[in-house]
């Protein structure tokens, strides 16, 4: 079941779902929470995927300095780190969706499922199709939350505890 704004606020008051919001009164929506831009990274080098993750190799991240309080992004692939920290209990999964205003600006966003038990400060993968200016703290995506029928096995993978505001690489700060 998709959580409503009232349920989201209740979880947040208990230190769950989303922490470190810029302005909860603005960010909590009818059935999700808007996540905001903290930093922007370009990706360099090859990636490698395999079944067991033994050979997995992720591209290197290079932070793009802001031009004052914004980034001018040319067409390309970027990772946008969020201000917010996600804290999911074992009975909640999250899914990050694009905000329609970002789509209209030519920002195509890709996401994956946030597993129950995930905790960390993560990112959004974006493809920019035309030049765009993105301000610090801009609301760029909305995370929605699903209550599960029962507690799931908590996520314990390489990305648990990640913080792309402190580390410019995924899975190294566990």
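In my numbering, the protein residues as written are 2 to 175. Note that CB positions come from ideal geometry on N, CA and C, so glycine has one too. All figures in this text were calculated on a predicted structure; none of them were measured in a lab.
DSSP state of residue i mapped onto helix, strand, coil
i: residue 35; result: strand
i: residue 17; result: coil
i: residue 104; result: helix
i: residue 1; result: The first residue shown for the chain is 2 and the last is 175, placing residue 1 beyond what the model contains.
i: residue 119; result: coil
i: residue 23; result: coil
i: residue 12; result: helix
i: residue 57; result: coil
Beta-carbon proximity list for residue i, same chain, < 7 Å, skipping 5 on both sides
i: residue 119; result: 87, 89, 156 and 161
i: residue 148; result: 2, 4, 92 and 93
i: residue 9; result: 18, 29, 34 and 146
i: residue 56; result: 49
i: residue 81; result: 38, 41, 124, 125, 127 and 141
Reference residue i; option with closest CA among the options
i: residue 34; options: 63, 4 and 148; result: 4
i: residue 134; options: 158, 10 and 108; result: 108
i: residue 140; options: 24, 36 and 26; result: 36
i: residue 144; options: 47, 22 and 15; result: 22
i: residue 121; options: 61, 83, 10 and 29; result: 83
i: residue 70; options: 138, 100, 52 and 58; result: 138
i: residue 66; options: 150, 38 and 158; result: 38
i: residue 42; options: 150, 124 and 114; result: 124
i: residue 85; options: 151, 154 and 142; result: 142
Buried versus exposed, by CB contacts within 10 Å (16 or more), residue i
i: residue 117; result: buried
i: residue 40; result: buried
i: residue 31; result: exposed
i: residue 136; result: exposed
i: residue 205; result: What the structure shows of the chain is the stretch from 2 to 175, and residue 205 is not part of that stretch, so it cannot be assessed.
i: residue 7; result: exposed
i: residue 103; result: buried
i: residue 64; result: exposed
i: residue 14; result: exposed
i: residue 105; result: exposed
i: residue 27; result: exposed
i: residue 95; result: buried
Cβ of residue i within 8 Å of any chain B Cβ
i: residue 54; result: Protein chains in the displayed structure number just one, and chain B is not present.
Distance cut-off 7 Å: residue i Cβ against heavy atoms of the ligand GTP
i: residue 49; result: Judged by which ligands are present, the structure shown has none, so any question about the ligand GTP falls away.
Sequence-distant residues of the same chain with beta carbon closer than 6 Å to residue i, five excluded per side
i: residue 74; result: 129 and 133
i: residue 112; result: 97
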